[in-house]
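**Q**
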Amino acid sequence: MTAGGTVVVRRDGPVTLVGINRPERRNAVDGPTARALAEAFRAFDADPGAAVAILYGEGGTFCAGADLKSLGTAAANRAEPDGDGPMGPTRMRLSKPVIAAVSGHAVAGGLELAIWADLRVADETAVFGVFCRRWGVPLIDGGTVRLPRLIGESHAMDMILTGRPVDAAEALRMGLANRVVPAGRALEAARELAARLAAFPQTCMRRDRASVLDQHGLDERQALASEFRHGQVSLGADTAAGAARFAAGAGRHGSFDDA
Numbered sequence: 000m001t002a003g004g005t006v007v008v009r010r011d012g013p014v015t016l017v018g019i020n021r022p023e024r025r026n027a028v029d030g031p032t033a034r035a036l037a038e039a040f041r042a043f044d045a046d047p048g049a050a051v052a053i054l055y056g057e058g059g060t061f062c063a064g065a066d067l068k069s070l071g072t073a074a075a076n077r078a079e080p081d082g083d084g085p086m087g088p089t090r091m092r093l094s095k096p097v098i099a100a101v102s103g104h105a106v107a108g109g110l111e112l113a114i115w116a117d118l119r120v121a122d123e124t125a126v127f128g129v130f131c132r133r134w135g136v137p138l139i140d141g142g143t144v145r146l147p148r149l150i151g152e153s154h155a156m157d158m159i160l161t162g163r164p165v166d167a168a169e170a171l172r173m174g175l176a177n178r179v180v181p182a183g184r185a186l187e188a189a190r191e192l193a194a195r196l197a198a199f200p201q202t203c204m205r206r207d208r209a210s211v212l213d214q215h216g217l218d219e220r221q222a223l224a225s226e227f228r229h230g231q232v233s234l235g236a237d238t239a240a241g242a243a244r245f246a247a248g249a250g251r252h253g254s255f256d257d258a
């Protein structure tokens, strides 16, 4: 299945793969591509059979950011205060996790797409950076919000002010990448990780994820109350069946293989 010509969408059981397909432009995102990305992730979130999505770039590059060549044309990225973000899904809060599989450059708006995802699996060729610093193009797809929350204000300010490249090894050290794998294996490793997430009891995993997202801006008392509300839903949906499997011998000694 495809969404537009520049975004490719495939299903692998409960895993949805969303690929930016503009390798001739280093997967830079123009307006139509941004719309297609947003549509693809809306469809993923609404699909009851889909559990985890993977965002990646075709041709060895994740995303070089917004397509500056489309500026001032009918294909320009939208820049409005409401609705979808300039890069597409960056203002969306989904109910299910997204993994970014990063090969090559994830820079400018491409960095913002990568940090919009819940997890980032990078291969050894990955380069992250605010390369738009050179051209006076701002971060308006969540970069100034999500990056400091993800890696801390000091690291984020360094990246945002200097625009310097951050390789895979440094990204792993600062918490920007969650996994680093050999060159060419980012998508494969992301698919393996997505399959593991899709195998867990979904209500509990999604509610714990929602609690993490909800706690931003809450004081500790409010955050704990929010956590408890999410947990009550999970207790009613998943916990009894999980406890029964454990009582029957599954998942002993920390094993996830039979949990």
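At position 171 of the sequence shown (counting the first as 1) the number is 170 in numbering that gives the first Met the number 0, and the numbers step up by one without a gap.
Where is the CB? At the ideal position from N, CA and C, for every residue including glycine.
The structure presented is a predicted model; accordingly, all values stated were derived computationally and were not measured.
Look at the Cβ atom of V14, then the Cβ atom of A193, and state whether they are nearer than 8 Å.
**A** Cβ atoms of V14 and A193: closer than 8 Å.
**Q** Does DSSP classify H154 as helix, strand or coil?
**A** In the three-state reduction of the DSSP assignment, H154 falls in the helix class.
**Q** State the start and end residues of the unbroken alpha helix (DSSP H) segment that holds G109.
**A** G108 to W115
**Q** Rounded to a whole number of angstroms, what is the C-alpha to C-alpha distance between F227 and P200?
**A** 18 Å
**Q** Whole angstroms is fine: what's the gap from Q209's alpha carbon to E23's?
**A** It is worth fixing the name first, because residue 209 is Ala in this sequence and not Gln. The straight-line gap from Cα to Cα measures roughly 37 Å.
**Q** First and last residue of the beta strand (DSSP E) that includes T202?
**A** Taken as a continuous stretch (DSSP letters only), T202 belongs to no beta strand (DSSP E), being part of the alpha helix (DSSP H) at Q201 to D213.
**Q** Between which residues of its own chain and G259 is the CB-CB distance below 6 Å, once the five residues before and five after are set aside?
**A** Residue 259 lies beyond the stretch modelled for the chain, which goes from 0 to 258, so this question has no answer here.
**Q** Which same chain residues end up closer than 8 Å to A74 when comparing Cβ atoms and leaving out the 5 residues on each side of it in sequence?
**A** Counting only Cβ-Cβ distances below 8 Å, and skipping sequence neighbours, we find D29, G30, P31 and D66.
**Q** With which residues is H104 paired in a DSSP beta bridge?
**A** Under DSSP, H104 forms a beta bridge with V126.
**Q** According to the Cβ coordinates, are P85 and W115 closer than 8 Å?
**A** Not in contact: P85 and W115 (Cβ atoms no closer than 8 Å).
**Q** Should I98 and C62 be called a contact, given that it needs their Cβ atoms to be closer than 8 Å?
**A** no
**Q** Quick one: which unbroken alpha helix (DSSP H) runs of 4-plus residues sit fully inside the region 8-64? Chain order, please.
**A** List check, alpha helix (DSSP H) in window: 30-45.
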